[in-house]
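Trainee: In this text, residue positions in the sequence shown follow my numbering: the first is 3, and each later residue adds one. Each residue gets a CB set at the ideal place from its N, CA and C atoms; glycine is no exception. Being a predicted model, the structure only gives us computed values, none of them experimental. First, the structure itself, so that you have it in front of you.
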Amino acid sequence: MQNQEMAQKIRKYKGQHVDEIEIETSHDDQTLLLFPSVDEVKFIDGVRCARKGFQRKREIVDVDDVSPIYYDNYIDSLDSIDKHVEFVYSEQGHKAFKILFNFGVIIEELEHDKNGQEIITYKYRLPREDTAQTHIPKNIQSNDDIEENKQYIRAEIIEMQNFNLENTMQRQVAIYYMMIKVFKLQMTVDGTSMQELIQKHWEGHRQILFKIMVSTTCVI
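Written as structure tokens, this is what we have:
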């Protein structure tokens, strides 16, 4: 069954497309670039800093066998997002589950020094489990649900691009990382809300989240 809020978001951006911007860079430094960076050299350094210390291959964290988290540290296109979603679906053995997602993004900040000169810096924000619920959760029971979820993800990215057009002081210029959180529905209690599920499994993932959150100190 289609989530009405999700369907509304998809309809809102129907006919619009994610603007995938390409730049000349090495394969390892590629991202899903949403806006041209003001300082390309600093931007690429920011991408390298963000990915440093994380495995290139997908990582699966499953501490309770109910709510695994799937990380992909190398997102460079809509196609790579689709493949990550499809990978998670296949990992569930095509059984029913609820899905949440979040992105790791490169943030470009514009400031001015005391002389009025522009200062451009690049930071990164890792995908976090505790903020994934800002996106609409989706029950996945079939391939059609997966396809709808892909459309919803695109709508969210388009919204990110539209918002950043209006905000010139701080912009999310690229997506480089994706986290997908799964709740296995066949192992949960009927009627349990998403917030209750998140709270139930929060303690088990606290150390993982701490490890992720302390890794965002690099500023270029």
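For the beta strand (DSSP E) that contains glutamine 172, what are its first and last residues?
Mentor: Glutamine 172 -> beta strand (DSSP E) spans 172–186.
Trainee: Does the Cβ of glutamine 57 have 16 or more other Cβ atoms within 10 Å, making it buried, or fewer, making it exposed?
Mentor: Exposed, by the Cβ-count rule.
Trainee: Does DSSP classify leucine 128 as helix, strand or coil?
Mentor: Residue state, collapsed to three classes: coil.
Trainee: Inspect the CB distances between the region 116–123 and the region 170–188 and report whether three or more fall short of 8 Å.
Mentor: These segments do not touch.
Trainee: Does the distance from the C-beta atom of lysine 183 to that of isoleucine 25 stay below 7 Å?
Mentor: Cβ distance not < 7 Å, so lysine 183 and isoleucine 25 don't count as in contact.
Trainee: Helix, strand or coil for glycine 106? Go by DSSP, reduced to three states.
Mentor: Strand, per DSSP.
Trainee: Grab the span of the alpha helix (DSSP H) containing valine 43 for me, first residue to last.
Mentor: Element bounds for valine 43: 42–53.
Trainee: Just to confirm, is the Cβ distance from isoleucine 142 to isoleucine 101 under 7 Å?
Mentor: Yes, they are a contact pair.
Trainee: Kindly confirm or deny that the region 17–33 and the region 86–105 touch, where touching means at least three C-beta pairs closer than 8 Å.
Mentor: The region 17–33, when compared against the region 86–105, does not touch it at the 8 Å Cβ threshold.
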